[in-house]
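To start, the structure under review is shown below, and the notes come after it.
So this is what it looks like as structure tokens:
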């Protein structure tokens, strides 16, 4: 059966005739396949591949022309039949016996995303009756082959990396060993050290020395300061006592005046002629 006789020549030219038939059969029909999105096409056949036992793997490998390692990789990546597309296998060398260790899974997932969108476009082209000879699918396959080969080469080069630059350490006077950073790191460390007073100008250093001398004076000076503080505390206590005694004297004087005022107040008779008794002639 040729790609044209399948009824979806562009899809068959893009992913391969066997894979195209499996995709359409899993979806139910070509219109049902076109109604899916790219994520749905990627998952078509995933449960079938994941549920395959070792006894079922042999006929599936023969039908698809894939290796047991590729089936294991498909289960690991949780993809479906689209993983067996010819353009994907040829670009990433998925039929290699060491495919599980050689293939970059992240790069393969990127390629699967692009391939699923192109497969959806090819299926919708077949449904609309366009490019009946499959030329559109062939051009897509050629374009993806170039992209996937470049992607696989790039990821392979990224795996081969030079040894890291050895770390340099600086030994300080106090015995500490500290890793030396880059230029920006050293600038930040200098700023932090300046804030802490480790790096000072001449004037700042002189001011710091004077402050240190004042702070760390001799024992005699410290004793004098301690005595001065004690004398000041005694003086403050005596001042507080004097203020308290003055307040008591004021309170006693106020209470005595209140008592005298109450005793000198006139006794009210309570009659209607009280005002007359208090009148003066």
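In UniProt numbering, the protein residues as written are 1 to 281.
For every residue, glycine included, the Cβ atom is placed at its ideal position computed from N, Cα and C.
- Each residue's CA atom was taken as its position, placing residue 69 and residue 75 some 10 Å apart.
- Here residue 113 is not near residue 10, since their CB atoms are 8 Å or more apart.
- Residue 79 is a Cβ neighbour of residue 46, given a cutoff of 8 Å.
- Residue environment: residue 16 is assigned as buried (16 or more neighbouring CB atoms within 10 Å of its CB, all protein chains considered).
- In the DSSP annotation of this structure, the continuous segment of the alpha helix (DSSP H) that includes residue 26 starts and ends at 17-27.
- Apart from sequence neighbours up to five positions away, the residues of its chain that approach residue 124 with a beta-carbon distance below 8 Å are 34, ordered along the chain.
- Counting other Cβ atoms within 10 Å of its Cβ, residue 132 stays below 16 and is therefore classed as exposed.
- With a cutoff of 8 Å on beta-carbon distance, residue 115 and residue 71 are scored as not near each other.
- In the three-state reduction of the DSSP assignment, residue 106 falls in the helix class, which pools H, G and I.
- Ranked by Cα distance from residue 28, the options 14, 37, 18 and 44 are led by 44.
- A distance below 8 Å separates the beta carbons of residue 42 and residue 82.
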